[in-house]
Amino acid sequence: MLRLEALGKRFGTTIAVDGLSLEVPQGEFLSLLGPSGCGKTTTLRMIAGFETPTTGRILLGDRDVTRLSPQRRGMGMVFQNYALFPHLDVFENVAFGLKAQGVSGQELRSRVADSLARVDLAGYEKRAVQAMSGGQQQRIALARALAPEPPLLLLDEPLSNLDAALRERTRDELRILLKRIGITAIFVTHDQEEAFALSDRIAVLKGGELQQLGSPETLYRTPVNAFVASFVGRANFLQGRIVARDGDHGTVEVGPGARWQVRLHEQESDTVRVMVRPEALRLHPARADLAGDDGLPGRVLDRRFAGATTVYRLEIADERELLVTIPGHTDAHEGDVLVTAEQNPPLHAFAE
Amino acid sequence: MIRRPTPAAALAGVVILLLFWFVLYPNLFVLADSFREGADWTVENYRRFAASRSEREALWNSVWISLASVFFSGLIGIPLAFLFSRYEFPGRSIMGGLVALPVLLPPLVGVIAFLFLWGESGFIARIVQGALGLDRPPWRLTGPWAILLVHAYTMYVYFFLFTTAGLARLERGYSEAAAALGASRLTTFRRVTLPMLGPALAGAALLVFMTSMGSFSAPYVFGGGFRVLSTQIFVSKLNGDLEIAAVETVILAAVSIVFLILLQRYEAGREYTGAGKGAGGATVRLIQGRLSTIILATAAWGLTAFLLLPHATVLLVSFVPEGTWTTQLFPPTYSGENYVSLFSDSETLTPIVNSLQMATIATVANVALAFAVAYLLVRRRFRGRAVLGALVILPWALPGTVLAIALATTFSVNQPLAGRFLLVGTFAILPLAYFIRNIPLVTRAAMTSFQQFDPALEEASASLGASWATTMRRIALPLVIPGLAAGALLAFVTSLGEFVASILLYTHRTRPISMAILSELRAFDFGSAAAYGVFLIVLMALVFLFGYRRVSDGAGI
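Quick note, the sequences are listed as chains U and Z, same order. Anchor point for the first sequence: position 54 equals 54 in our numbering, and the numbering is continuous, going up by one each time. Just add 1000 to wherever you are in the second sequence, counting from 1, and you've got our numbering.
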């Protein structure tokens, strides 16, 4: 439906986006996720037509829209601060795109009413946009973008202007509403949780380059590099030395006597960083008699009860710290402990 | 790859061309003239300038008068700003507004107000003369001290406004931090407040210096035999020594441009004072004790009354029928006949109609240009952007005399191929001059408006399928209008009372209000001159009231 081919953007000497290729099928929700400066907003703005790519092509269906001005692309866009026209009322805001298409009279009125009804704001036509709450403004922005029935909806950090309590609810409502319409949507966000909640697939960007494209689960379980691993979800990294190899799998010693099974992502050197999610770690009493020899000695620094889980902060050798979450109903650990890791599927090991 | 030029690119081309033609080109002409004698290129004119004692004296006078103006303006403006920013007393907010009133005096009107007030036959002189029983006026208002008096009175406002703004930006936290660290109030003032105000004071000083260098009406009316560059240009032009007039113009423009560049630097560096935001400005100290309150309030009220005297004077004199006020302390009879004749006699009404027409034309052109330029400068990145930015502030650096000479030189012949048309002596030349003089003012107002609203609004409009023209018309224009209107109104009243360029370019048929005031003065019909003045002051005051509201409304968007 939307295809980016080796898309690149350079501002002077800085490369904002570098050879980005991806495809978004009809009806999919895709998030562009990354830290600030990763090129996600620039990519969105190129898709919308506000920036002209330096290299590459943008295809909407079979149509090359790379050089088309924004007003000819007909993509719906929800801006970060909504960009509602302050001098126009709710009706005029939502009608704006329809009027540009030449819709008028009774049809205009009924389509604006439908658009507002869809976002639960029926009857708000004559209100001043500034008199509306943040959440309502967000929905007006959505209604305005959707009214001309665009083939694609672009959302730039759509939830960042809402306070935390409202954000979670709005997020779910947004997903349900957009899925019901069946539109293709691209979100830009720096918030991994938001990306997880909203999207079918996520493109993780860093320094203008695509790091990994996949479903939230894929990114979480099989990150292709340390950046994706650390950006998507919480991750512990342990220094280790490869002691045995078997193709792209191997055994890594992460501490005296602690040997863990890993998937090797970089195989040149013998020292690697092993990524382990907090919930993949297990805690045992210090003098526990473990069947294998994979226990890593540590000491509990503090413990925080978080409902379903308990979060432990541990100190292991060389004053490094580990984060461990274990189901909240198990016994509390204190003082010296042994740490083991769930190794099936194997852990991921990346280059230093 | 060849791309069709976008509407914005075409607009940039047109605007740059226009500005180049009207702003830069005439000045280049004067520059060329200054290096020419007949058809030959030469530096002879500059040698003549340097060799002439009176020319050197005029240059030196301009410089020292300007430095002294900075000193005296600061002396009044800075303490006044502290008084109004830091102390609470009855009537403080009203007074604070009134203190800025001298800006509400069109240049020539300010000068005649001083004439009636401090001049040898003005109120003060008559009172002193009467009190001391002198048979002659105790002083004559002429020469450098007279000029300085007018300058200090009108230009302290820059220091007052800049210092007030600087103090407002100074967060309370800084002085409180200093106090918490054990600094005394004097130390805090010396080590914290003053250094942080530095940029604001420097800005005001540069502005006053520039304004004084270009000041024409005060030296023209009060100078006597005292020469300064701006009046010297006028004299050379009248004497027909166009080469020397060109040299003088170039030198005056050069000095002004140097100071404009310095001022721009200051504006770029000003950011750091405004770095802090949030928690309110400087502490307003409540004066304890009845006596100090009374002293402070009396001082402030007295000072303000003193500053309002010129306005009151013009108002009073405007009600004096011609020829009734001779030797009495105060005018013996008052009537509204000056106003009646102002609006009924076609001879006296013509200048008002002329000025209204010419100011309207100039302002409409200003608004159109300012909208386009502000859009380009704030919203677009393009080659030539820096050039455009420089072209729109250039008129600000060029004193009215310089501009008038440049226009008079360039548009005195018909050479369409060289971009020269015969405009001197026609109706078009004054609106053109007003237009050029107000380009920086209106452009700045429009730019501020553009900066105040989110560019995403225009993008939202485009993403909804609106064409560039529709976006401009339905989104940008309505949002920019409030600020632009304020700037336009200010430009309109400025044009209405414009004097400096007018005196060099007007013809009898197109004479503006300022020329009518001047000729009434020469005919000793002070009442009519003052009535014109009151007309201008009232319009200006209305615009400030209206404009201020619009600007604050606009900021709310």
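Just so you know, even glycine gets a beta-carbon here, dropped at the ideal spot from N, CA and C.
Using the Cβ count rule (16 or more neighbours within 10 Å means buried), how would you classify residue i?
i: Z:V962; result: Lying before the first or after the last residue shown, residue 962 of chain Z is absent from chain Z, which here runs from 1001 to 1557.
i: Z:A1275; result: Unreliable placement is indicated for Z:A1275, whose pLDDT of 38 sits below 50; no coordinate value is reported for it.
i: U:V188; result: buried
i: Z:D1135; result: exposed
i: Z:A1460; result: buried
i: Z:L1542; result: exposed
i: Z:L1291; result: exposed
i: Z:Q1415; result: exposed
i: U:D18; result: buried
i: U:P158; result: buried
i: U:G250; result: buried
i: U:P285; result: exposed
i: Z:R1437; result: buried
i: Z:W1325; result: buried
i: Z:I1016; result: buried
Please decide whether residue i counts as near chain U, where near means a Cβ-Cβ distance under 8 Å.
i: Z:S1212; result: no
i: Z:P1007; result: no
i: Z:L1011; result: no
i: Z:I1475; result: yes
i: Z:A1462; result: yes
i: Z:D1033; result: no
i: Z:A1486; result: no
i: Z:L1376; result: no
i: Z:S1449; result: no
i: Z:A1466; result: yes
i: Z:A973; result: With chain Z represented from 1001 up to 1557, any question about residue 973 of chain Z goes unanswered, as that position is not in the structure.
i: Z:G1554; result: Note that Z:G1554 scores 39 on pLDDT, short of 50, meaning its location in the model is unreliable and no value can be drawn from it.
As a quick exercise: from the options, pick the residue whose alpha carbon is nearest that of residue i.
i: Z:E1248; options: Z:E1498, Z:A1032, Z:R1522; result: Z:A1032
i: U:N344; options: U:R299, U:A286, U:P285, U:E279; result: U:E279
i: Z:L1059; options: Z:F1411, Z:Q1328, Z:I1233, Z:A1183; result: Z:I1233
i: Z:P1478; options: U:V65, U:L88, U:T54; result: U:L88
i: Z:S1034; options: Z:L1134, Z:F1544, Z:A1406, Z:V1014; result: Z:A1406
i: U:T218; options: U:G207, U:D200, U:R72; result: U:D200
i: U:R299; options: U:P148, U:E315, U:Q212, U:H284; result: U:E315
i: U:E342; options: U:T43, U:W260, U:M77, U:L154; result: U:W260
i: Z:M1472; options: U:K40, U:F85, U:L20; result: U:F85
i: U:T330; options: U:P346, U:L296, U:R282; result: U:R282
i: U:A235; options: U:Y220, U:R241, U:K99; result: U:Y220
i: U:L238; options: U:S215, U:A197, U:E319; result: U:E319
Could you confirm whether any beta carbon from chain Z is found closer than 8 Å to the beta carbon of residue i?
i: U:N81; result: yes
i: U:P407; result: Residue 407 of chain U is absent from the model: chain U starts at 1 and stops at 352.
i: U:P151; result: no
i: U:F85; result: yes
i: U:G295; result: no
i: U:F91; result: no
Between the C-alpha atoms of residue i and residue j, what's the straight-line distance to the nearest angstrom?
i: Z:D1525; j: Z:W1118; result: 18 Å
i: U:I58; j: U:L2; result: 7 Å
i: U:T13; j: Z:L1398; result: 38 Å
i: Z:S1256; j: Z:I1065; result: 14 Å
i: Z:W1139; j: Z:F1084; result: 34 Å
i: U:F350; j: U:R245; result: 14 Å
i: U:A6; j: Z:A1433; result: 54 Å
i: Z:Y1272; j: Z:M1196; result: For Z:Y1272, the pLDDT reaches just 43, beneath the cut-off of 50, and the residue's location in the model is therefore unreliable, although a value from the coordinates is still provided. Distance between the alpha carbons of Z:Y1272 and Z:M1196 is about 9 Å.
i: Z:T1211; j: Z:E1458; result: 38 Å
i: Z:A1009; j: Z:S1230; result: 39 Å
i: Z:A1125; j: Z:Y1025; result: 48 Å
i: U:A128; j: U:D114; result: 19 Å
i: Z:N1061; j: U:G39; result: 59 Å
i: Z:V958; j: U:V204; result: Residue 958 of chain Z lies beyond the range of chain Z shown here (1001 to 1557); nothing can be said about it.
i: U:R139; j: U:E125; result: 13 Å
i: Z:G1223; j: Z:E1322; result: 26 Å
i: Z:V1373; j: Z:A1486; result: 17 Å
i: U:P148; j: Z:G1384; result: 37 Å
(request) Any chance you could list the alpha helix (DSSP H) runs of at least 4 consecutive residues sitting entirely within the region 1361-1417 of chain Z, in chain order? (result) DSSP runs (the alpha helix (DSSP H)) wholly in the region 1361-1417 of chain Z: 1385-1397, 1400-1410.
(message) Suppose only complete runs of 4+ residues qualify. What are the alpha helix (DSSP H) ranges in the region 169-203 of chain U, listed by chain order?
(response) The region 169-203 of chain U contains these whole alpha helix (DSSP H) runs: 192-198.
(message) Extract the residue ranges of the beta strand (DSSP E) inside the region 41-118 of chain U, only unbroken runs of 3 or more that lie entirely within it.
(response) For the region 41-118 of chain U, whole beta strand (DSSP E) runs of length 3 or above, ordered along the chain, are 55-60, 76-78.
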